[in-house]
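Notes follow once the structure below has been shown.
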Amino acid sequence: MDNKHPALQNACDFIEANLQLKISMLDLKRHTKYSERSLQLLFKKHLNKSPFEYIEEQRLLKAHELIKQHKQSKKTTHIAAEVGFRHLGRFSVNFKKRFGIHPSVLARS
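Count along the sequence shown from 1, add 1, and you get the number used in my numbering.
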């Protein structure tokens with residue numbers, strides 16, 4: 002994410018530091034001092050994602066990292082909650098779609 006717009010970098014840093022929270026557009030607007038529309042355009046232009054697609058992607062990446070790190074010492078449901086997923090079914094489906102493996106299978110591998 003080199004040469005990223007400063008407001009976009011600021012938003013991404015905020016997201017990555019607060020994955021466990023329910024992050025809204027209002028949170029991003031307050032943090033960056035940019036309008037919702039401007040933020041949406043920046044995300045689309047530089048990352049080809051909406052802000053919420055980016056948040057979901059970061060949560061999945063962090064969950065994947067933590068599952069690999071902790072293996073079976075930490076339940077995947079706890080990891081999902083830790084990175085901000087509130088709906089475990091959606092987490093599992095999206096994790097499998099993104100990585101080609103269910104989180105529980107990765108934890109056992």
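For glycine and all other residues, C-beta sits at the position ideal for the given N, C-alpha and C. On a predicted model such as this, the values are computed, not experimentally measured, just so you know.
{"Check": "Taking just the CA atoms, how far does N19 sit from Q10?", "Outcome": "14 angstroms"}
{"Check": "For the alpha helix (DSSP H) containing H68, list its first residue and its last residue.", "Outcome": "Per the sequence shown, the amino acid found at residue 68 is Ile instead of His. It spans 52-71 - the alpha helix (DSSP H) in which I68 sits, taken as one unbroken run."}
{"Check": "Taking Q21 and G85 to be in contact with their CB atoms under 8 angstroms, please state how far apart those CB atoms are, rounded to whole angstroms.", "Outcome": "5 angstroms"}
{"Check": "Only counting the same chain, and skipping five residues up and downstream in sequence, which positions put a Cβ closer than 8 angstroms to that of S36?", "Outcome": "K30"}
{"Check": "Are H65 and L107 close, meaning C-beta to C-beta below 9 angstroms?", "Outcome": "yes"}
{"Check": "Report yes if the CB atom of R109 is closer than 9 angstroms to the CB atom of K72, and no otherwise.", "Outcome": "yes"}
{"Check": "Excluding the 5 residues preceding and the 5 following M2 in the sequence, name in chain order all residues of the same chain whose CB lies nearer than 6 angstroms to its CB.", "Outcome": "Confidence at M2 is low in this model, with a pLDDT of 46, below 50, so its placement is unreliable and the value that follows should be read with caution. Excluding residues within five positions, none has a Cβ falling inside 6 angstroms."}
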